[in-house]
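Asks: Before I ask anything, let me first share the structure, which is written out below as structure tokens.
Chains as they are written, first to last, in the working numbering: chain A, 11 to 152; chain B, 865 to 1020.
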């Protein structure tokens, strides 16, 4: 099943590069939305079905950490996997991102293979989760 | 972390970013040339600056000839040089410095957290040849295949 992606980065060039990598990586991608900061991203998330968010950390208005925190407050958005794509690689920062709910972390500069590998892992886990959820529904007494 | 450690990791970060994201093999030039000696008077330059705060605070600079800007932007976006616009060029210069800065600071001191600012463009007129001498800090001079650029750091 195709999944929709939201790419959040204040650099339009970086968004274009990530988008291109995702498109040519063989993933079954539906829509690929873009946002320049966390605030723009929240608008997209409130209006569209998004299956995966890739976000930078260091952005104006609302940064990537604040975006995850906001998403976790929402019943629907909290289950969307979020991958940080960022230049910030200090251990403490990585741990902080994972602690508040990031599903993965890709450090810039990156090779296309790193994006592909991380997305494969995360989308594989997300599909497994969905399968278990569906199985539970089928097996349950509803 | 001290200044020498930062300069070493800055050199590594420059190579890492330019080679990984822009397919530019780079050579760090180890000599004491000034920016006025490194760039020629008739060269049009574009630059970016990025502030950082943490165990050390200061600013990073990237200064790059327009000809190289077109080349790295085209490489970065996977487009031909004639397909890219001014906005993409300016954005790529800022993002290049952002990656070099983030890479440098996270490798200089893995345990410390630096706060990175948002990269800002330095316009062509502020990089006029006669103003290059006013830029303070330590500069790393870089040669790519057939071009040259400079990255600087000014620690407060």
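Ideal Cβ placement from N, Cα and C applies to all residues, glycine included.
#1: Alpha carbon to alpha carbon, how far is residue 74 of chain A from residue 110 of chain A?
#2: From this set, B:949, B:973, B:962, which residue's C-alpha is nearest residue 866 of chain B's C-alpha?
#3: I'd like to know if the segment 969-984 of chain B and the segment 908-915 of chain B are in contact, where contact means that at least 3 CB-CB pairs between them fall below 8 angstroms.
#4: Please confirm if residue 35 of chain A has its CB atom under 7 angstroms from at least one CB of chain B.
#5: Rank A:79, A:95, A:132 by C-alpha distance to the C-alpha of residue 154 of chain A and give the top, closest one.
#6: Using a threshold of 6 angstroms, is the CB atom of residue 133 of chain A nearer than that to any non-hydrogen atom of the ligand GDP?
#7: Compute the Euclidean distance between the alpha carbons of residue 880 of chain B and residue 892 of chain B, then round it to the nearest angstrom.
#8: Shortest alpha-carbon distance to residue 17 of chain A belongs to which of A:43, A:127, A:97, A:123?
#9: Hey, how far is the Cα of residue 992 of chain B from the Cα of residue 909 of chain B?
#10: Quick one, are the C-beta atoms of residue 887 of chain B and residue 939 of chain B less than 7 angstroms apart?
#11: What is the DSSP secondary structure of residue 107 of chain A, counted as helix, strand or coil?
#12: Would the beta-carbon of residue 92 of chain A fall within 7 angstroms of that of residue 113 of chain A?
#13: Please confirm whether residue 97 of chain A has its beta-carbon closer than 7 angstroms to some beta-carbon of chain B.
#14: Whole angstroms is fine: what's the gap from residue 883 of chain B's alpha carbon to residue 85 of chain A's?
#15: Just the chain A side, please: which residues come within less than 7 angstroms of residue 955 of chain B by C-beta, in chain order?
#16: Where do the ends of the alpha helix (DSSP H) carrying residue 968 of chain B lie?
#17: Determine, using beta carbons only, whether residue 23 of chain A and residue 126 of chain A come nearer to each other than 7 angstroms.
#18: May I have a chain-ordered list of the beta strand (DSSP E) segments no shorter than 3 residues that lie completely inside the segment 34-107 of chain A?
#19: Return the bridge partner residues of residue 928 of chain B from the DSSP annotation.
#20: Could you check what DSSP says for residue 986 of chain B in three-state terms: helix, strand or coil?
#21: With DSSP collapsed to three states, give me the class of residue 27 of chain A.
#22: Can you tell me which of B:1009, B:998, B:1020 puts its alpha carbon nearest to the alpha carbon of residue 899 of chain B?
#23: Excluding the 5 residues flanking residue 919 of chain B on each side, which residues of the same chain have their C-beta closer than 8 angstroms to its C-beta?
#24: Going by CA-CA distance only, name the one from B:929, B:930, B:956 that's closest to residue 942 of chain B.
Replies: Let me spell this out:
#1: Residue mapping note: residue 74 of chain A aligns to position 64 of the first chain, counting from 1. Residue mapping note: residue 110 of chain A aligns to position 100 of the first chain, counting from 1. C-alpha separation (whole angstroms): 11 angstroms.
#2: On the second chain, position 2 is the one that residue 866 of chain B refers to. With distances taken between Cα atoms, residue 866 of chain B lies closest to B:973.
#3: yes
#4: Your numbering for residue 35 of chain A matches position 25 in the first chain. By this cut-off, residue 35 of chain A is not an interface position.
#5: Outside the modelled stretch of chain A, which goes from 11 to 152, sits residue 154 of chain A, for which no answer is possible.
#6: Although the ligand GDP was asked about, the structure shown includes no ligands whatsoever.
#7: Taking the first residue of the second chain as position 1, residue 880 of chain B is located at position 16. Taking the first residue of the second chain as position 1, residue 892 of chain B is located at position 28. Rounded to whole angstroms, residue 880 of chain B to residue 892 of chain B spans 12 angstroms at the Cα level.
#8: Locating residue 17 of chain A in the first chain gives position 7, counting from the first residue. Checked all of A:43, A:127, A:97, A:123; the closest Cα to residue 17 of chain A is A:43.
#9: Reading the second chain from its first residue, position 128 is the one you call residue 992 of chain B. Reading the second chain from its first residue, position 45 is the one you call residue 909 of chain B. Approximately 8 angstroms between the Cα atoms of the pair.
#10: The residue you call residue 887 of chain B lines up with position 23 of the second chain. The residue you call residue 939 of chain B lines up with position 75 of the second chain. Cβ distance < 7 angstroms, so residue 887 of chain B and residue 939 of chain B count as in contact.
#11: Looking up residue 107 of chain A in the first chain gives position 97. Helix.
#12: On the first chain, position 82 is the one that residue 92 of chain A refers to. On the first chain, position 103 is the one that residue 113 of chain A refers to. In contact: residue 92 of chain A and residue 113 of chain A (Cβ atoms closer than 7 angstroms).
#13: Taking the first residue of the first chain as 1, we reach residue 97 of chain A at position 87. Nearest CB-CB separation between residue 97 of chain A and chain B: below the 7 angstroms threshold.
#14: To locate residue 883 of chain B, count along the second chain from 1; it is residue 19. To locate residue 85 of chain A, count along the first chain from 1; it is residue 75. Answer to the nearest angstrom: the Cα atoms are 42 angstroms apart.
#15: Here residue 955 of chain B corresponds to residue number 91 of the second chain, with the count starting at 1. What residue 955 of chain B touches in chain A: 21, 22, 23.
#16: Working through the second chain from its first residue, we reach residue 968 of chain B at position 104. Segment 950-972, the alpha helix (DSSP H) holding residue 968 of chain B.
#17: On the first chain, residue 23 of chain A is found 13 positions in, with the first residue counted as 1. On the first chain, residue 126 of chain A is found 116 positions in, with the first residue counted as 1. It is not a contact, given that the beta carbons lie outside the stated cut-off.
#18: 39-45, 62-65, 92-96
#19: Here residue 928 of chain B corresponds to residue number 64 of the second chain, with the count starting at 1. Paired residue(s): B:910.
#20: Counting from 1 along the second chain, the entry for residue 986 of chain B is found at position 122. Strand.
#21: Stepping through the first chain from its first residue, residue 27 of chain A is reached at position 17. In the structure shown, residue 27 of chain A sits in a helix (DSSP, three-state: H, G or I).
#22: Taking the first residue of the second chain as 1, we reach residue 899 of chain B at position 35. Among B:1009, B:998, B:1020, the Cα nearest to that of residue 899 of chain B is on B:998.
#23: The residue you call residue 919 of chain B lines up with position 55 of the second chain. Excluding residues within five positions, the ones whose Cβ falls inside 8 angstroms are 865, 973, 976, 978.
#24: On the second chain, position 78 is the one that residue 942 of chain B refers to. The residue with the shortest Cα to Cα distance from residue 942 of chain B is B:956.
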